[in-house]
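Notes to accompany the following structure.
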Ligand SMILES: C[S@@+](CC[C@H](N)C(=O)[O-])C[C@H]1O[C@@H](n2cnc3c(N)ncnc32)[C@H](O)[C@@H]1O
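Residue numbers (this note's numbering): 71 to 290.
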């Protein structure tokens with residue numbers, strides 16, 4: 071879906087917002103599934119310097135200056151993407167993110183792996199298992215981490231709680247479309263929905279906005 075928008079608008083550059091520690095673009099560039107996208111700039115209000123200093127794939131840059139998703143510097147041109155982060159923003163800030171993209175004529179895609187549904191909330195209980203596995207693999211081994219994971223499970227509890235809150239805050243496709251219902255969003259075409267099975271088999275809620283493609287006038 072992202073790649074279709076990129077192809078329609080001949081976009082070769084992506085500006086990922088709220089990138090945190092990286093998100094999916096790193097793997098996509100490494101596995102070359104991202105064509106025609108040739109370059110991806112990761113950005114964040116609080117840039118993750120660890121990721122910025124890592125040996126990252128060709129075509130990927132981590133912007134080391136702070137980038138607020140509601141006011142992206144104009145020199146950062148490209149398809150704006152946000153993964154697993156839009157639910158962090160209250161309605162006004164979320165709208166401001168979409169409006170900034172619209173005002174600057176840059177396509178934008180919001181992708182959420184959480185959902186406000188009972189099955190999604192129940193699934194969060196399983197988050198304990200990856201935490202157990204991840205902590206077992208972390209080096210150097212820290213006594214406090216082991217205790218807080220396996221003996222007094224504070225870390226699994228915090229991760230599960232965070233997952234629950236994320237699910238409860240995730241906008242539905244109709245809420246996303248209501249957000250872009252206004253004159254300030256009129257120059258863009260907006261699509262929202264849920265794709266089944268695209269992220270490790272989990273449904274993904276999305277909103278994609280791109281400049282309306284002008285239809286050639288019919289003659290004769
Ligand atoms: C859940 S994390 C992002 C996860 C990441 N996109 C991924 O796929 O792994 C949310 C990120 O949003 C960033 N953030 C919060 N407010 C922001 C803002 N106004 N503008 C840009 N980034 C912001 C935080 O610093 C944090 O790194």
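Even for Gly, the Cβ is constructed at its ideal location relative to N, Cα and C.
Please work out which residues of its chain come closer than 7 Å, Cβ to Cβ, to residue 175, disregarding the five sequence neighbours upstream and downstream, and give them in chain order. On the chain shown, residue 175 is found 105 positions in, with the first residue counted as 1. Taken in chain order, the residues that qualify are 281.
Which residue's Cα is closest to the Cα of residue 152: 190, 110 and 197? Position 82 of the chain shown, counting from 1, holds the residue named residue 152. The option with the nearest alpha carbon to residue 152 is 110.
Are the Cβ atoms of residue 86 and residue 95 separated by less than 8 Å? Taking the chain shown and counting its residues from 1, the one referred to as residue 86 is at position 16. Taking the chain shown and counting its residues from 1, the one referred to as residue 95 is at position 25. The answer is yes: Cβ separation under 8 Å.
Between the CA atoms of residue 263 and residue 240 - distance to the nearest angstrom: The residue given as residue 240 occupies position 170 in the chain shown. The residue given as residue 263 occupies position 193 in the chain shown. Spanning the two alpha carbons is a distance of roughly 13 Å.
Tell me whether the beta-carbon of residue 164 lies closer than 8 Å to the beta-carbon of residue 150. Indexing the chain shown from 1 puts residue 164 at position 94. Indexing the chain shown from 1 puts residue 150 at position 80. For residue 164 and residue 150, no; Cβs fall outside 8 Å.
With C-beta atoms as the reference, is residue 219 less than 8 Å away from residue 202? If you number the chain shown from 1, residue 219 lands on position 149. If you number the chain shown from 1, residue 202 lands on position 132. A contact, by the Cβ cut-off of 8 Å.
Cα-Cα separation between residue 173 and residue 102, rounded to whole angstroms: One-based indexing of the chain shown puts residue 173 at position 103. One-based indexing of the chain shown puts residue 102 at position 32. Approximately 31 Å between the Cα atoms of the pair.
Taking the Cβ atom as the reference point for each residue, do residue 120 and residue 137 lie within a distance shorter than 8 Å? If you number the chain shown from 1, residue 120 lands on position 50. If you number the chain shown from 1, residue 137 lands on position 67. Going by C-beta atoms, residue 120 is not nearer than 8 Å to residue 137.
Give the DSSP-derived three-state secondary structure of residue 147 in the structure shown. Sequence index remark: in the chain shown, residue 147 carries index 77 (1-based). If DSSP states are grouped into helix, strand and coil, residue 147 belongs with coil.
Name the two residues that bound the continuous beta strand (DSSP E) containing residue 83. For this step, residue 83 is matched to residue 13 along the chain shown. Taken as a continuous stretch (DSSP letters only), the beta strand (DSSP E) holding residue 83 covers 83–87.
Sequence-distant residues of the same chain with beta carbon closer than 7 Å to residue 77, five excluded per side: In the chain shown, counting from the first residue as 1, residue 77 sits at position 7. The answer, listed in chain order, is 106.
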